[in-house]
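Visitor: The structure follows.
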Amino acid sequence: MSGAVLPAPRPGAGNRATRWTGWSARGVRRRSRPPSGPIPGGSSRGPPPAWRNAAVPSAGAAFARARTGSTGPGAAARSRRRAANRRSPAAPAPRGSGTTSPEWWSIPPWRHRYAAAASSSSSARGAFCGRPFRYPAIPGRTSHRPPARHCRRRGDGLGSAKSRAEADVPGPRSPRRGNTMTVMLKKYGLAYLSVPKVACTSIKAMMFEVENGFPFRPFSANGQMRWIHNFYPSVPFRELKRGRLRDLHRVTVVRDPIRRALSCHSNRVVQHRELSREIAGDRLEGSGLPFDPDLSTFVLNIGEYSRRVAEIGHHTAPLTVFLGEDPGYFHRIYRFEELPEMVADVGRITGKDVALEVMQRSSGSARVEQLSPDEIALLKDYYAEDYAIFGAYF
967 MSGAVLPAPR PGAGNRATRW TGWSARGVRR RSRPPSGPIP GGSSRGPPPA
1017 WRNAAVPSAG AAFARARTGS TGPGAAARSR RRAANRRSPA APAPRGSGTT
1067 SPEWWSIPPW RHRYAAAASS SSSARGAFCG RPFRYPAIPG RTSHRPPARH
1117 CRRRGDGLGS AKSRAEADVP GPRSPRRGNT MTVMLKKYGL AYLSVPKVAC
1167 TSIKAMMFEV ENGFPFRPFS ANGQMRWIHN FYPSVPFREL KRGRLRDLHR
1217 VTVVRDPIRR ALSCHSNRVV QHRELSREIA GDRLEGSGLP FDPDLSTFVL
1267 NIGEYSRRVA EIGHHTAPLT VFLGEDPGYF HRIYRFEELP EMVADVGRIT
1317 GKDVALEVMQ RSSGSARVEQ LSPDEIALLK DYYAEDYAIF GAYF
């Protein structure tokens, strides 16, 4: 066998990419004869893309080289073409486009489901014209990237802390782990949109028991605590999936904004020490704002504390951030003093015996009487939009 003469490999049996001619309408790679010139009615097909030339050679070519010790006829020409493609990855644009786009080959065709129409004339002929698959053409869209709905959003709901500071608006925290849905009991046709510091923890716990049949208790998983807000977050109104709430009975609870700010100071500043040096040192250092501020200092600098510390910004954000600017969106808006009536309505709608348990207790709650007239005026100006839109419920 050592002296046997083996037949030479058939022409073109090298890298399969050298025989690439295009993609069919079903996304199947065509392997007919290599292109030898311009295509009638369009531009040249052009060489194969660089990422195709980087593929592993076919098994037939490897077998032929192993047995004959050579690469067969045309090996030098194929090697030169591969080297040229690696040096210059740009390739011609699709047929009918009349342009050359270096990034046309940058995305593998299996990432796309449709062929993009390159021009109005090609759109009229149909999208499937042998071109690699792409997303369908969108009027006014020039980018080849996938639509935004296929991209993961990063950052918080209102941009970075710097952009919030420049916009001079408080920045509520974005829901954790991409959860953008509030309390939604589809079985009973009921939806509750929550607002921080308006008994939202107690109401969410009540809704959890209605939905699951047992009370919620915080638990730990993989060393991380899970609270009721991890499952029923307070979501900014513009991030809500409002289409899922269209057919539900939508309710919410509102509270006087000044009392919300006082409750935030008692619970988040005094009790949880969110503005202490140990917790907020890196965000308040060098700002000139004191740590662990008293009530007066907190009120006078509520905007700065809200912008620099996300936990404070979440609990002091205006009602309009979580409820929008149209009270007519809700079927019922309860005042904070009407919580017993809300509990009764939830029991009537769900047919269950429900009760509201106080979950957040603040020691030494501040009172409005402790504020000076200037501090009250400052808070009313800070929450002017809330008073203008929801003032009838305070």
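Numbering (the numbering used here), first residue to last: 967 to 1360.
Just so you know, even glycine gets a beta-carbon here, dropped at the ideal spot from N, CA and C.
This structure is a prediction, so every number in the text was calculated from the model and none was measured.
#1: Please look up how many angstroms separate the CB atoms of leucine 1285 and aspartate 1352, rounded, as I've assumed it's under 8 angstroms.
#2: In this structure, does DSSP put valine 1135 in helix, strand or coil?
#3: Leaving out five residues on either side along the sequence, give the residues of the same chain with a beta carbon under 7 angstroms from the beta carbon of tryptophan 1193.
#4: Does the beta-carbon of lysine 1207 have 16 or more other beta-carbons within 10 angstroms, so that it is buried, or is it exposed?
#5: Considering only residues of the same chain and omitting the five flanking positions on each side of arginine 1234, which have a CB-CB separation below 7 angstroms?
#6: Which same chain residues, not among the five before or five after histidine 1215, have their C-beta less than 6 angstroms away from its C-beta?
#7: If you run the structure through DSSP and keep just helix, strand and coil, what is threonine 1282?
#8: Grouping DSSP H, G and I as helix and E and B as strand, with all else coil, what is aspartate 1352?
#9: In angstroms, rounded to a whole number, what distance separates the CA positions of proline 1202 and proline 1339?
#10: Specify, as a first and last residue, the run of the alpha helix (DSSP H) that alanine 1246 falls within.
#11: What would DSSP say about threonine 1218, mapped onto helix, strand or coil?
#12: With a threshold of 8 angstroms on Cβ separation, who are the neighbours of glutamate 1270 within its own chain once the five nearest residues in sequence on each side are excluded?
#13: Any idea which residues DSSP pairs tyrosine 1158 with across the strands?
#14: So what does DSSP say about serine 1200, is it helix, strand or coil?
#15: Start and end of the beta strand (DSSP E) containing methionine 1191?
#16: By DSSP, does phenylalanine 1185 sit in helix, in strand, or in coil?
#17: Nearest-angstrom Cα distance between isoleucine 1315 and glycine 1179?
Guide: To lay it out plainly:
#1: Mapped onto the sequence shown, residue 1285 falls at position 319. Mapped onto the sequence shown, residue 1352 falls at position 386. Confirmed, about 5 angstroms.
#2: As a first step, residue 1135 must be located in the sequence shown, where it is residue number 169. Any reading at valine 1135 must be qualified, since the residue scores a pLDDT of 42, below 50, and its modelled position is unreliable; no value is offered.
#3: Mapped onto the sequence shown, residue 1193 falls at position 227. Closer than 7 angstroms at Cβ, skipping near neighbours: Pro1184.
#4: On the sequence shown, position 241 is the one that residue 1207 refers to. With fewer than 16 Cβ atoms within 10 Å of its Cβ, lysine 1207 is classed as exposed.
#5: Here residue 1234 is taken as the residue at index 268 of the sequence shown, counted from 1. Excluding positions up to five away in sequence, the list reads Glu1240, Glu1277, Ile1278 and His1281.
#6: Along the sequence shown, one-based indexing puts residue 1215 at 249. The answer, listed in chain order, is Gly1155, Leu1156 and His1297.
#7: Here residue 1282 corresponds to residue number 316 of the sequence shown, with the count starting at 1. Three-state DSSP puts threonine 1282 in a helix.
#8: The residue labelled residue 1352 in the question sits at position 386 within the sequence shown. Three-state DSSP puts aspartate 1352 in a helix.
#9: Working through the sequence shown from its first residue, we reach residue 1202 at position 236. Working through the sequence shown from its first residue, we reach residue 1339 at position 373. Each residue's alpha carbon lies about 31 angstroms from the other.
#10: Within the sequence shown, residue 1246 is the residue found at index 280, counting from 1. Counted as a single uninterrupted DSSP element, the alpha helix (DSSP H) harbouring alanine 1246 occupies residues 1243-1250.
#11: Taking the first residue of the sequence shown as position 1, residue 1218 is located at position 252. Three-state result, threonine 1218: strand.
#12: Counting from one through the sequence shown, the residue named residue 1270 turns up at place 304. Spatial neighbours of glutamate 1270 in its own chain (CB-CB distance under 8 angstroms, excluding positions within 5 residues in sequence) are listed in chain order as Ser1253 and Leu1255.
#13: Numbered from its first residue, the sequence shown carries residue 1158 at position 192. The partner list for tyrosine 1158 (beta bridge, DSSP) reads Val1149 and Val1217.
#14: Taking the sequence shown and counting its residues from 1, one reaches residue 1200 at position 234. Residue state, collapsed to three classes: coil.
#15: Along the sequence shown, one-based indexing puts residue 1191 at 225. Here the beta strand (DSSP E) through methionine 1191 covers 1190-1192.
#16: Looking up residue 1185 in the sequence shown gives position 219. Phenylalanine 1185 falls in the strand class under three-state DSSP.
#17: Numbered from 1 along the sequence shown, position 349 holds the residue referred to as residue 1315. Numbered from 1 along the sequence shown, position 213 holds the residue referred to as residue 1179. So the alpha carbons of these two residues sit roughly 15 angstroms apart.
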